[in-house]
Amino acid sequence: MSAFLLVNPRAGAGRPSAAELVEAAEARGIDTHVLREGEDPQGIARAAGGATVLGMAGGDGSLGPVAAVALERDLPFVCIPFGTYNHFAWDAGIDRDDPLGALRAFDGEERRVDVGRLGDGRVFLNTASFGLYAALVADEDRAGSRLSAALRLVFRGGEVRLAIDGDPVIARIVVVGNNVYRLHPLEVGSRPRLDGGILHLGIARGLLPWSWEERRAERFSIDPDAPSLDAAVDGEPVRLRTPVELRVEPCALRLLVPKRGQDVGDRAEGELLRPG
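The sequence shown: position 207 = 234 (the numbering used here), numbered continuously.
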């Protein structure tokens, strides 16, 4: 096995340090690359031509581009939780407070999990969001925290006007999840499984959007009748060309998790994922 791990040292403010993570990875025989400012993780992953396993240590927004390369090359993928929220790691049963322990996944067991795909080829492992939540993500860096960003945005006017599969919708928030979420406005919840083969769309309306209209399908088309649309893809602000096409690719990603008995998560192994 030739394993390659990219490390985003700016993904979060937790411990261990990037240097400590690299040291622990290299002690396991894993080649590493610490991303410098402005470097393209997807390009670096593609350049690792001899790798038989690809891993990414970062937050949720760091994972998709490297997972996309693993999909292209049909390679196993390892998620090392190294960001602020680490939603994907949590839903996959990986202890998001123990990135050093998560390195055991490089010698772990393979599980097949779904990915979401946008029409431009971009992969999302968690969600693609539009409206207030997308604005919250963009505003969070300036506000300093999610709570203060949320308080500023909830009372700000503005709605997103979209056609979802041709159906006109006016909403504060529209979120499309890779698999079914326990949704709550302003804070995406958890998923019972990652291999359900479905997208989960939530629509929240009103000044204080505390309830959702939910839809489930394998594909959605979102069209704001404008040439572009602001969005948050796995928590990263982006601008997408429209219409935005979203689909699920069932059990496409070969996710490695720690072996039974070595699982660093605190939930029962097998609760979320079927064997590949």
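Idealized CB from N, CA, C, for every residue including glycine. Computed from a prediction, not measured in an experiment: that's the story for all the values here.
For MET83, the number of other beta carbons within 10 angstroms of its own is at least 16, and it is reported as buried. Ranking LEU98, GLU186, GLU64 and ARG63 by CA distance to the CA of VAL80 puts LEU98 first.
Rounded to the nearest whole angstrom, the C-alpha separation of ARG266 and TYR208 is 24 Å.
The criterion of a C-beta distance shorter than 8 Å is not satisfied by LEU256 and PHE104. Taking the CA atoms as reference points, PRO219 sits about 29 Å from PRO68. DSSP, read as helix, strand or coil, puts PHE151 in strand.
In terms of CA proximity to VAL275, LEU228 leads the group ARG287, LEU228, ARG268 and PRO285.
Between the alpha carbons of LEU189 and ALA198 lies a distance of about 8 Å. PRO108 counts as buried, since at least 16 other C-beta atoms from the protein chains shown sit within 10 angstroms of its C-beta. A distance below 8 Å separates the beta carbons of LEU145 and PHE151. Residue pairing for VAL271: DSSP places it in a beta bridge opposite ILE249. DSSP places PHE133 within a helical segment (H, G or I) once states are collapsed to three. Judged by DSSP in its simplified three-state form, ASP261 adopts coil rather than helix or strand.
Using a Cβ distance threshold of 8 Å, VAL142 and ALA94 count as a contacting pair.
Under the three-state reduction of DSSP output, ARG232 falls in the coil class, being neither helix nor strand. Inter-residue distance for SER156 and GLY65 is about 24 Å (C-alpha atoms, whole angstroms). Within the same chain, VAL207, ILE225, LEU226, HIS227 and LEU228 come within 8 Å of ARG243 by CB-CB distance, once the 5 residues on both sides are set aside.
If you draw a straight line from the Cα of ASP192 to the Cα of ASP125, it is about 41 Å long. From the listed residues ASN113, PHE31 and ASP261, the smallest Cα separation to LEU102 is found for PHE31. Per the C-alpha coordinates, the member of VAL203, ASP252 and ALA75 positioned closest to ASP261 is VAL203.
Leaving aside the five residues that flank VAL201 on each side, the residues in its chain whose CB is nearer than 6 Å to its CB run, in chain order, PHE157, GLY158 and ILE230.
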